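Taking it in order: structure first as structure tokens, then the write-up.
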């Protein structure tokens, strides 16, 4: 009886009696969710266009952030460093297309997947060689990102919003909106969806696969850079950051591997679910459930929608 | 249905595409051996032959999917050892596929719009803003695509994801996408495969109309001999990767090698 009360009633009583804490938790979840969405988006872009699950997405986040901070450490002004980092990510996209995708075109997906492992270790080694392996501090204030917190009085208590989190949410929303319009409404977006559906048909209407691959890998690189800046500003820039890629996995399971809206909604559900679960139900299990709760949420969704929230329904004719 | 011979001779012009001595092998398997033929401006050219004769391989060579080990392809006066899919598309070669290759998740309209890819060239930034020149461009191309949709009589399905359409309509959307490229040479790989009589008649009508109104040169692979006789000006016959006959439908039908290839010959 006592346990049932603690599981099914007590958390909701707490939510009702301290609404400011609930809102704070939801906000924290939302911010985490926005970042998960961004990481998942990087995966979805590449998966849609080339059918490759890009294992290197996590390290691309680190590599982008590291390049930015590393350049600044070497005396390059912040905004110039940002521009150079974008150029580096573009170079990476071209390199991946030339040296990895082009020679491996038409090979089974698993081979391309393994190649992204190779890319991961290359980026780790290369990043360490050039910028060293020590954790660095993100140059958030140099880039004009706000510091400090805003406290809002709410229902007898107050809710504290970090300004950097507000900025992260806004930037991420803008990026996602821009990408969504880009892919739904433009010629290149149409070409990208076309490549995702059928390589040979895309080739026959004159779409260049190579060009599309460079574009999506660059887009994924830009998303990685944004993620790296936001996430780096909340903790630090180190190779340990790449494990956030693992956070994207339940998001992808939830949202479907091919859906941009799925990545966004999935990210928010996982982010909020995680924080709310940790805060209200965590103490029952001795806390720390944040690390695995996301997978449980994703598994529960999978039971009901195996294709994910927005994934394409798979109909197999037998 | 078909225009009389004398008229079709004036309609048919110079050589648009010529393949010379083309050979293609996959490892030890020879798909095409030393095949030469040409396709003239404005004609409907049929490529026929039993299963495994190398017909589809031939189309794949022409639009650059396969690169032959030997031989030359001359298209609009330029000779090269192999085409690339992009060059073929940019040069005005459009095609359809034997087993319909559409962008299944996209609407019929978007599929046909994808055929306009090479005709649209506003920069990314403009496209992203959907403003000014890019918007005008989109509208202009949309108008062209709507004409094709009217022509093919598929108005009511333009918003339907093509994966949900019945096979006959998918074939029609695929033809629409190829037409959106405003091709000079249209390659059709079994445009009537799997269709019922009524659908076949519709498709034949469309093919003749495309040829008449737009003056598009057409090369088609087809198994239905009645259709081939009705539609084509000249026929090339392949068997086991070798050309065994080339001429008007009536000539080819009488050819002993062709009859043997189709009916088998006693040894």
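Residue numbers (this note's numbering), protein chains in the order written: chain H, 240 to 557; chain X, 57 to 323.
C-beta: ideal position from N, C-alpha, C; glycine also.
As the structure is a computational prediction, the values presented were derived from the model and not from experiment.
For residue 151 of chain X, the neighbours in chain H by C-beta distance under 8 Å run, in chain order, 443.
Only buried fits residue 309 of chain H, as 16 or more other CB atoms lie within 10 angstroms of its CB.
Residue 172 of chain X sits in coil when the DSSP states are folded into three classes, being neither helix nor strand.
Beta-bridge partners assigned by DSSP to residue 94 of chain X: X:74.
In this structure, the beta-carbon distance from residue 226 of chain X to residue 158 of chain X falls below 8 Å. Here DSSP, grouped into helix, strand and coil, assigns residue 245 of chain X to strand.
Here DSSP, grouped into helix, strand and coil, assigns residue 128 of chain X to strand. With 16 or more other Cβ atoms inside 10 Å of its own Cβ, residue 456 of chain H counts as buried. Closest option to residue 509 of chain H, judged by alpha-carbon separation, among H:497, H:441 and H:488: H:488. Look at the region 197-224 of chain X: it has no residue with a C-beta under 7 Å from a C-beta of chain H. Under DSSP, residue 399 of chain H takes part in a beta bridge, and its partners are H:390. Using a CB distance cut-off of 8 Å, residue 439 of chain H counts as an interface residue toward chain X.
Contact annotation: residue 68 of chain X and residue 258 of chain X have beta-carbon atoms that are not nearer than 8 Å. As DSSP reads the structure, residue 504 of chain H sits in no beta bridge. By the Cβ-count criterion, residue 240 of chain H is exposed, with fewer than 16 other Cβ atoms from all chains shown falling within 10 Å of its own Cβ. Inter-segment contact for the region 485-500 of chain H and the region 251-264 of chain H is absent: fewer than three beta-carbon pairs are separated by less than 8 Å.
8 Å or more divides the Cβ of residue 435 of chain H from the Cβ of residue 281 of chain H. For residue 337 of chain H, there are no neighbours in chain X by C-beta distance under 9 Å, as the nearest C-beta there is about 16 Å away. Annotated as distal: residue 300 of chain X and residue 89 of chain X, with beta-carbon spacing of 8 Å or more. Taking a Cβ-Cβ cut-off of 7 Å, the neighbours of residue 446 of chain H in chain X comprise 173, given in sequence order. Straight through space, the alpha carbons of residue 105 of chain X and residue 279 of chain X are spaced by roughly 8 Å. Taking the CA atoms as reference points, residue 451 of chain H sits about 8 Å from residue 427 of chain H. Residue pairing from DSSP places residue 79 of chain X in a beta bridge opposite X:126.
Straight-line measurement puts the Cα of residue 282 of chain X at about 36 Å from the Cα of residue 175 of chain X. If you look at residue 265 of chain X, you'll find it in the alpha helix (DSSP H) that goes 253-269. Taking a beta-carbon distance threshold of 8 Å, residue 430 of chain H counts as an interface residue toward chain X.
Counting only the Cα atoms, residue 238 of chain X lies some 20 Å from residue 74 of chain X. For residue 310 of chain X, the uninterrupted alpha helix (DSSP H) run begins and ends at 305-310, by DSSP. The C-beta distance from residue 266 of chain H to residue 358 of chain H rounds to 36 Å, too long to meet the 8 Å contact threshold.
Using a Cβ-Cβ cut-off of 8 Å, residue 433 of chain H counts as an interface residue toward chain X, since at least one Cβ of chain X sits closer than that to its own.
The three-state secondary structure of residue 384 of chain H, taken from DSSP, is coil.
No Cβ of chain H is located within less than 8 Å of the beta carbon of residue 155 of chain X. At a cut-off of 8 Å between beta-carbon atoms, residue 436 of chain H makes contact with chain X. One alpha carbon belongs to residue 144 of chain X, the other to residue 87 of chain X, and they sit about 21 Å apart. Counted as a single uninterrupted DSSP element, the stretch harbouring residue 135 of chain X is not any alpha helix (DSSP H) but the beta strand (DSSP E) occupying residues 134-136.
Take residue 267 of chain X, set aside five residues on each side of it, and the residues of its chain with a beta-carbon closer than 6 Å to its own are 100 and 274, in chain order.
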